[in-house]
Amino acid sequence: MSEISTTILNTLTDAELTNVEAISASTTAAVTIDLSQQTEGFTITGGSAADNITGGSGDDIIKGNAGNDIITGGSGDDNITGDAGNDIITGDAGNDIITGNAGDDIITGGSGDDIITGDVGADTITGGSGA
Numbered sequence: 002m003s004e005i006s007t008t009i010l011n012t013l014t015d016a017e018l019t020n021v022e023a024i025s026a027s028t029t030a031a032v033t034i035d036l037s038q039q040t041e042g043f044t045i046t047g048g049s050a051a052d053n054i055t056g057g058s059g060d061d062i063i064k065g066n067a068g069n070d071i072i073t074g075g076s077g078d079d080n081i082t083g084d085a086g087n088d089i090i091t092g093d094a095g096n097d098i099i100t101g102n103a104g105d106d107i108i109t110g111g112s113g114d115d116i117i118t119g120d121v122g123a124d125t126i127t128g129g130s131g132a
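For the sequence shown, the numbering used here begins at 2 and goes up steadily by one.
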């Protein structure tokens, strides 16, 4: 397994990310991971700061980790976990499984048949058109 220390992933094509399955941020600084143009599914793990993570049209697994994250799933059938922090999570299209975990989260489903769990904190949950 190789490790890339710094790159701009939103400019890469699907062909250039063919052998990439997981993306993980292990930094205390906020990161932006934007895979909105990607059609394959990824496992994405944010860092400990306030990250901005956007999945693509594949079936993504996204974990925000600590920090007040902004997470958007994309159009695939995604599994999204906010973890600690006051997160803003949007599932978008697809049949998503969304868990806010600790923190006062704002969770919005999408047009698919979503399963949404708020967990600990004063969460705001909106089902979306698939509710």
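Virtual Cβ for every residue (Gly too), placed ideally from N, Cα, C.
Remember, it's a predicted structure, so these values are computed and weren't measured experimentally.
Quiz item: So, helix, strand or coil for S112, using DSSP?
Solution: coil
Practice problem: Quickly, what does DSSP pair T55 with across the bridge? List them, please. | Solution: D35, T73
Practice problem: For D60, I'd like the list of residues in its chain whose CB is within less than 6 Å of its CB, leaving aside the five on either flank, ordered along the chain. | Solution: G42, G77, D78
Quiz prompt | Neighbourhood of D106 by C-beta, 7 Å cutoff - its chain only, sequence neighbours within 5 removed | solution = G83, N87, D88, I90, G119, G122, D124
Quiz item: With 16 as the cutoff for other CB atoms within 10 Å, does A94 come out buried or exposed?
Solution: buried
Quiz item: Mind checking N116: buried by the 16 CB within 10 Å criterion, or exposed?
Solution: Reading off the sequence shown, one finds Ile at residue 116, where the question assumed Asn. Exposed, because fewer than 16 other Cβ atoms sit within 10 Å of the Cβ of I116.
Exercise. Answer yes or no: do I98 and I126 have a C-beta to C-beta separation smaller than 9 Å?
Key: no
Self-check item: The beta strand (DSSP E) enclosing T29, as first and last residue numbers
Solution: Where T29 is concerned, there is no enclosing beta strand (DSSP E), given that its DSSP letter is neither H nor E.
Quiz item: From what residue to what residue does the beta strand (DSSP E) around N80 run?
Solution: 80–82
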